[in-house]
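Residue numbers (my numbering): 46 to 318.
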């Protein structure tokens, strides 16, 4: 019987990448199995003679508490998110919120970027690798394209506010699950209320469906004005293509330009005196 060959380095790297291991967090490797290996090398203990009823059990390794069930996490998020009186309060709540399992695998919280006093707010879906490392939304390739999209209508990060529905990166840049989206949704809704923009732009299908509560895909939703109600006022909202999608399908930049021009006209029409 021919023994199986050992995997080559390229195959190992491909496996790690598919598993979500795509960046190094320290200069030196850490052997997380060292403790287990050291324990395994210890000589076996002699059988215990159970002469009394009070025998202490062997010490157990303390594991991190798992995230609560999705229903409980969603209920908790809906309860605490409205209590944030400011964006800083909301950020503090998210930093202490353990209801979303993505927090345990992400490097850091990705809260927002831009001007909280801006009249326009962009909402994406979830951070990627670059955002996870820097702690800011839209700083990778899609972020550079978003900057160009904003610049085409006279905006930049000093005149816009940018956030995501999910503030923690999903492992391997996978799509967030419906449960993860519902857990984080109360926080982004409160974030929109606190920023209180005149124009809300949802980038991509997941953002538009979750935030604007629409069922259609982005092809049917984009370019149409939708009323978004915060509870205290109505905001004009529009969905358009996500920059990451435009990088894969540049043919749709033409439609995006139409959306951006409509957004620019709306900003001019709603400009305060």
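Using N, Cα and C, we set each Cβ at its ideal position, and we do this for glycine too.
query, result
"Simplified DSSP assignment, three categories, for residue 303", "helix"
"Presumed contact (8 Å Cβ cut-off) between residue 268 and residue 304, rounded CB distance", "5 Å"
"Alpha-carbon to alpha-carbon, residue 248 and residue 290", "10 Å"
"Residue 141 and residue 112 closer than 9 Å at C-beta", "no"
"Endpoints, beta strand (DSSP E) assigned at residue 158", "157–159"
"Close beta carbons around residue 259, own chain, < 8 Å, minus the five adjacent residues each side", "253, 266, 271 and 284"
"Per-residue burial, residue 223 [other beta carbons within 10 Å of its own, 16 or more giving buried]", "exposed"
"Closest by C-alpha distance to residue 161, when choosing among 177, 212, 238 and 206", "206"
"DSSP state of residue 281 mapped onto helix, strand, coil", "strand"
"Where residue 145 sits in the DSSP three-state scheme", "coil"
"Proximal residues to residue 250 (C-beta, below 7 Å), its chain only, five neighbours per side dropped", "262 and 263"
"Reference residue 146; option with closest CA among 125, 211 and 298", "211"
"Three-state secondary structure (DSSP) of residue 208", "strand"
"Selection from 152, 235, 257 and 299 that minimises the alpha carbon distance to residue 124", "235"
"Contact belief for residue 280 with residue 245 at Cβ below 8 Å, rounded distance in angstroms", "5 Å"
"Closest residue to residue 314 among 293, 243 and 274 (Cα-Cα distance)", "243"
"Coarse secondary structure for residue 198, derived from DSSP in three states", "coil"
"Alpha carbon of residue 203 to alpha carbon of residue 150, nearest angstrom", "31 Å"
"Terminal residues of the beta strand (DSSP E) in which residue 167 lies", "165–169"
"Rounded separation between residue 135 and residue 300 - CA only", "35 Å"
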